[in-house]
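Heads up: the structure comes next, in C-alpha coordinates.
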Amino acid sequence: MRENAVFDVIVQLLRRQFRFYAAIIALAIIGTVAAHGWSWASAVVIVIAAIVIPSAFVLTAFWISVFRNIGRKKDLGQPGDLR
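Rendered as C-alpha coordinates:
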(Lines of atoms letter the chains of each structure in order from A; the text may use other names.)
(Lines give C-alpha, C1' and ligand atoms only; values in the text may rest on other atoms or scores of the structure.)
Protein backbone atom coordinates (compact mmCIF):
# COMPACT_ATOMS: atom_id res chain seq x y z
CA MET A 7 0.00 0.00 0.00
CA ARG A 8 2.93 2.33 0.62
CA GLU A 9 3.82 2.43 -3.08
CA ASN A 10 0.43 4.00 -3.79
CA ALA A 11 0.85 6.77 -1.20
CA VAL A 12 2.30 9.28 -3.66
CA PHE A 13 -0.41 8.45 -6.19
CA ASP A 14 -3.08 8.92 -3.49
CA VAL A 15 -1.63 12.32 -2.56
CA ILE A 16 -1.67 13.39 -6.19
CA VAL A 17 -5.27 12.19 -6.69
CA GLN A 18 -6.39 14.02 -3.54
CA LEU A 19 -4.72 17.21 -4.72
CA LEU A 20 -6.32 16.95 -8.14
CA ARG A 21 -9.77 16.41 -6.65
CA ARG A 22 -9.46 19.35 -4.27
CA GLN A 23 -7.96 21.69 -6.82
CA PHE A 24 -10.18 20.89 -9.81
CA ARG A 25 -12.14 24.14 -9.56
CA PHE A 26 -8.90 26.10 -9.40
CA TYR A 27 -7.59 24.32 -12.52
CA ALA A 28 -10.85 24.99 -14.34
CA ALA A 29 -10.72 28.68 -13.42
CA ILE A 30 -7.11 29.08 -14.59
CA ILE A 31 -7.80 27.23 -17.84
CA ALA A 32 -10.92 29.36 -18.40
CA LEU A 33 -8.80 32.48 -17.85
CA ALA A 34 -6.28 31.20 -20.40
CA ILE A 35 -9.07 30.62 -22.92
CA ILE A 36 -10.72 34.00 -22.33
CA GLY A 37 -7.42 35.89 -22.30
CA THR A 38 -6.06 34.24 -25.41
CA VAL A 39 -9.24 34.69 -27.44
CA ALA A 40 -9.72 38.28 -26.20
CA ALA A 41 -6.14 39.25 -27.04
CA HIS A 42 -5.69 37.49 -30.37
CA GLY A 43 -9.11 36.39 -31.58
CA TRP A 44 -9.91 32.78 -32.37
CA SER A 45 -7.29 31.06 -34.49
CA TRP A 46 -5.28 27.87 -34.65
CA ALA A 47 -2.57 29.55 -32.59
CA SER A 48 -5.15 30.34 -29.91
CA ALA A 49 -6.25 26.72 -29.87
CA VAL A 50 -2.65 25.55 -29.46
CA VAL A 51 -2.08 27.95 -26.55
CA ILE A 52 -5.28 26.76 -24.87
CA VAL A 53 -4.33 23.08 -25.25
CA ILE A 54 -0.85 23.75 -23.88
CA ALA A 55 -2.32 25.61 -20.89
CA ALA A 56 -4.77 22.78 -20.26
CA ILE A 57 -1.86 20.31 -20.09
CA VAL A 58 0.88 22.37 -18.43
CA ILE A 59 -1.08 23.92 -15.56
CA PRO A 60 -2.37 20.65 -14.01
CA SER A 61 0.99 18.97 -14.68
CA ALA A 62 2.77 21.67 -12.71
CA PHE A 63 0.51 21.08 -9.72
CA VAL A 64 0.96 17.30 -9.95
CA LEU A 65 4.74 17.64 -10.06
CA THR A 66 4.66 20.08 -7.16
CA ALA A 67 2.57 17.66 -5.08
CA PHE A 68 4.96 14.84 -5.93
CA TRP A 69 8.07 16.75 -4.87
CA ILE A 70 6.39 18.00 -1.70
CA SER A 71 5.60 14.40 -0.73
CA VAL A 72 9.17 13.33 -1.57
CA PHE A 73 10.77 16.05 0.54
CA ARG A 74 8.37 15.44 3.44
CA ASN A 75 9.37 11.79 3.56
CA ILE A 76 13.14 12.27 3.25
CA GLY A 77 13.79 12.70 6.96
CA ARG A 78 11.39 10.04 8.18
CA LYS A 79 12.73 6.68 9.26
CA LYS A 80 11.17 3.76 7.52
CA ASP A 81 10.92 0.21 8.81
CA LEU A 82 13.22 -1.58 6.42
CA GLY A 83 13.12 -4.87 8.32
CA GLN A 84 16.08 -7.09 9.06
CA PRO A 85 18.95 -7.79 6.66
CA GLY A 86 17.90 -10.54 4.30
CA ASP A 87 14.19 -9.84 4.84
CA LEU A 88 12.50 -10.02 1.45
CA ARG A 89 9.19 -8.40 2.33
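Each residue of the sequence shown is one higher than the one before, starting from 7 at the first, in this note's numbering. All residues carry an ideal CB built from backbone N, CA and C; glycine is no exception.
In terms of Cβ geometry, I31 and A49 do not form a close pair [threshold 8 Å]. Shortest Cα-Cα distance from I52 to any of A11, Q23, R21 and Y27 involves Y27. If you look at S71, you'll find it in the alpha helix (DSSP H) that goes W46 to I76. Cβ-Cβ distances below 7 Å link W44 to nothing in the same chain once the five nearest sequence neighbours on each side are left out. Around the C-beta of A11, fewer than 16 other C-beta atoms lie within 10 Å, and the residue is accordingly described as exposed.
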